[in-house]
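Peer 1: Protein chains in written order, with the working numbering: chain A, 319 to 504; chain B, 7 to 239. Positions of the beta carbon are idealized from the N, C-alpha and C atoms, including for glycine. Computed from a predicted structure; not experimentally measured. Quick one: the structure is below, and I'll ask about it shortly.
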């Protein structure tokens, strides 16, 4: 049967057996960042986005995804770029096999919740398994990235703000803060 | 390895039902458990185009379509407000966000698994499943039946006033199957319904007058606990 999906923004069609998984489909189209780690739908290494929702490509039929948008890490380089450096710097990358799925699901987390607490991060990434680490490196990388992003925002503000108001007493910042969930970092 | 000869996305329930009468055909919901069985499927009947996904709050209760994902349940403000977060608690330890974005409430209830967090909680909530041919029946009755070839189209959580609900599970590690599940629902009319699952069998529920349970007092549980200790190796 012919299956057509919008893969990383491009309409791709190919002949596919009815039981071809989305995992096999995207890899056949060159998206080799998507890995298979468990064959039991439990590890998260095969994570792709279908209509911006993170799913396990190993457990979805390509036919189910027909007509939908599918994104892999190959198409999200810019969005992943800011944060991937932190994974490397904090030594979170050992064999690297869990990395693409972990980055994909982190992107999904930050899209849903731009200011997660450590508990939020642990809960969201629980479905991404890593056989090399104890997950501390990945958690450290994400929290450091978030902290650095916040500091960059405040430094940028201080260098541009005409009022020369310190970040902590900026009325605009206070106004934005009120619109965010309590405990958010801004 | 799962094999499928044909893939069909029926446009009507009647078509889906007709296809499902053949023993070699299988309904595809989230497909997560199905895949683990390594089945040889002649025709996979995908319910994705039947508009069965969604949570509707009405006067009489929450109407939840069979293709509603576990993540939809987890993030439903209305359901979690009604159950004080018990719905979220029931599903949030199931593998991961990615799996819960695919697994369906219909698949969870149809399968009648012993380890099902969803069945445990929905039993305590007096849920009723909706079947295409047979109509609405109580989940407690449905759970006693063997799997049949009717299509499960949805589930209803009846609203009879405010409730207090709680869900707990015991797991050897996070994201794993539960080894014990428990849900408790206290209603305005003074009934307490407890449901215990992963016993290791399928969840079973019993209701008791809330005052009677309170009258039992902690001493009753204390004696039961000590009796259990004597049997422990």
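Taking the alpha-carbon positions, what's the residue 464/A to residue 433/A distance?
Peer 2: Their backbone Cα atoms lie some 7 Å apart in a straight line.
Peer 1: Does residue 462/A get closer than 7 Å to chain B when you measure Cβ to Cβ?
Peer 2: No - not a single Cβ of chain B is within 7 Å of the one on residue 462/A.
Peer 1: Closer than 6 Å by C-beta to residue 36/B: which residues in its own chain qualify, once you throw out the five before and the five after it? Chain order, please.
Peer 2: 108, 109, 110 and 113.
Peer 1: CB-CB under 6 Å to residue 445/A, same chain, minus the five flanking residues each way: which ones, in chain order?
Peer 2: Excluding residues within five positions, the ones whose Cβ falls inside 6 Å are 362.
Peer 1: When DSSP labels each residue in this structure, what does residue 425/A get in the three-state scheme?
Peer 2: Residue state, collapsed to three classes: helix.
Peer 1: Would you call the segment 22 to 38 of chain B in contact with the segment 81 to 88 of chain B, where contact means no fewer than 3 C-beta pairs closer than 8 Å?
Peer 2: These segments do not touch.
Peer 1: Beta-carbon of residue 444/A versus every beta-carbon of chain B: anything under 7 Å?
Peer 2: Taking Cβ atoms only, chain B reaches closer than 7 Å to residue 444/A, which makes this a yes.
Peer 1: Could you compute how far the alpha carbon of residue 456/A sits from the alpha carbon of residue 371/A?
Peer 2: Going from the Cα of residue 456/A to the Cα of residue 371/A covers about 21 Å.
Peer 1: Please go through the same chain and pick out, in chain order, the residues whose beta-carbon is closer than 8 Å to the beta-carbon of residue 413/A, but skip the five residues on each side of it.
Peer 2: Excluding sequence neighbours, residue 413/A sits near 449 and 450.
Peer 1: Please name the residue in 406/A, 357/A and 348/A whose C-alpha comes closest to that of residue 392/A.
Peer 2: If we check each option's Cα against that of residue 392/A, 348/A comes out closest.
Peer 1: From residue 340/A to residue 215/B, what does the alpha carbon distance come to, in whole angstroms?
Peer 2: So the alpha carbons of these two residues sit roughly 51 Å apart.
Peer 1: Interface residues of chain A around residue 11/B at Cβ under 7 Å?
Peer 2: 336, listed in chain order.
Peer 1: Is it a yes or a no for the segment 42 to 51 of chain B touching the segment 60 to 80 of chain B, going by three-plus beta-carbon pairs under 8 Å?
Peer 2: The segment 42 to 51 of chain B, when compared against the segment 60 to 80 of chain B, does not touch it at the 8 Å Cβ threshold.
Peer 1: At a Cβ cut of 7 Å, what residues of the segment 370 to 397 of chain A count as close to chain B, listed as they run along the chain?
Peer 2: If the cut-off is 7 Å between Cβ atoms, the segment 370 to 397 of chain A has 371, 372, 373, 374, 377, 378, 379, 381 and 382 near chain B.
Peer 1: Quick check on the burial criterion: 16 or more other C-beta atoms within 10 angstroms. Buried or exposed for residue 4/B?
Peer 2: Lying before the first or after the last residue shown, residue 4/B is absent from chain B, which here runs from 7 to 239.
Peer 1: Which chain A residues sit within Cβ distance under 8 Å of residue 180/B?
Peer 2: Here the neighbours are 444.
Peer 1: Which residues in the same chain have their Cβ closer than 7 Å to the Cβ of residue 240/B, if we skip the five residues on either side of it in sequence?
Peer 2: With chain B covering only 7 through 239, there is no way to say anything about residue 240/B.
Peer 1: Using a Cβ-Cβ cutoff of less than 6 Å, which residues in the same chain neighbour residue 387/A once the five nearest sequence positions on both sides are dropped?
Peer 2: Hits under 6 Å: 324 and 369.
Peer 1: Kindly list the residues whose CB is nearer than 8 Å to the CB of residue 27/B, restricted to its own chain and excluding five residues on each side of it in sequence; keep chain order.
Peer 2: Hits under 8 Å: 155.
Peer 1: I'd like to confirm the pairing. Which residues does DSSP put opposite residue 449/A in its beta bridges?
Peer 2: BP columns for residue 449/A are empty, so no partner.
Peer 1: Identify every run of the beta strand (DSSP E) within the segment 165 to 234 of chain B, keeping only runs that are complete inside it and at least 3 residues long; order them along the chain.
Peer 2: Segments of the beta strand (DSSP E) lying fully in the segment 165 to 234 of chain B: 169 to 177, 184 to 193, 197 to 203 and 210 to 215.
Peer 1: Along the segment 101 to 126 of chain B, where does the CB come closer than 7 Å to a CB of chain A? Name the residues.
Peer 2: Listed by position, the residues of the segment 101 to 126 of chain B near chain A (Cβ gap below 7 Å) are 101, 102, 103, 104, 105, 107 and 108.
Peer 1: What residue range does the alpha helix (DSSP H) around residue 26/B cover?
Peer 2: Note, residue 26/B: alpha helix (DSSP H), 19 to 26.
Peer 1: Using a cut-off of 8 Å between C-beta atoms, extract the partners of residue 359/A located in chain B.
Peer 2: By Cβ distance, chain B contributes 38, 41, 42, 101 and 105.
Peer 1: So, helix, strand or coil for residue 13/B, using DSSP?
Peer 2: If DSSP states are grouped into helix, strand and coil, residue 13/B belongs with the strands.
Peer 1: Quick one: which chain B residues come within Cβ less than 9 Å of residue 319/A?
Peer 2: Ordered by position in chain B, the residues that pass the 9 Å Cβ test against residue 319/A are 12 and 13.
Peer 1: Quick check on the DSSP output: the beta strand (DSSP E) that includes residue 402/A runs from which residue to which?
Peer 2: It is not in any beta strand (DSSP E) - residue 402/A instead sits in the alpha helix (DSSP H) that spans 395 to 407.
Peer 1: If I measure Cβ to Cβ from residue 419/A and keep anything under 6 Å in the same chain, skipping five residues before and after, which residues do I get?
Peer 2: Closer than 6 Å at Cβ, skipping near neighbours: 362, 363, 365 and 446.
Peer 1: Looking at the structure shown, is residue 534/A part of a helix, part of a strand, or coil, going by DSSP?
Peer 2: This structure does not reach residue 534/A, given that chain A is present from 319 up to 504, and the question cannot be answered.
Peer 1: Assess contact between the segment 420 to 439 of chain A and the segment 374 to 388 of chain A, defined as three or more Cβ pairs (one per stretch) separated by less than 8 Å. Is contact present?
Peer 2: In short, these stretches do not touch, since the Cβ pair count stays below three.
Peer 1: Buried or exposed: which applies to residue 207/B, given that a residue is buried once 16 or more other Cβ atoms fall within 10 Å of its Cβ?
Peer 2: Looking at its Cβ environment, which holds fewer than 16 other Cβ atoms inside 10 Å, residue 207/B is exposed.
Peer 1: Taking residue 389/A as part of the alpha helix (DSSP H), name the residues at either end of that continuous run.
Peer 2: Careful: residue 389/A lies outside any alpha helix (DSSP H), inside the beta strand (DSSP E) at 387 to 389.
Peer 1: Can you pull the chain B residues whose beta carbon is under 9 Å from the beta carbon of residue 362/A, in chain order?
Peer 2: What residue 362/A touches in chain B: 101, 102, 103, 104 and 105.
Peer 1: Once you ignore the five residues that flank residue 344/A on each side, which residues in its own chain have a CB closer than 8 Å to its CB?
Peer 2: So the list reads 325, 352, 366, 375, 388 and 390, once near-sequence residues are dropped.
Peer 1: Closest Cβ-Cβ distance between residue 8/B and chain A: below 7 Å?
Peer 2: For residue 8/B, the answer is yes, since a Cβ of chain A falls inside 7 Å of its Cβ.
Peer 1: Quick one, are the C-beta atoms of residue 145/B and residue 158/B less than 7 Å apart?
Peer 2: For residue 145/B and residue 158/B, no; Cβs fall outside 7 Å.
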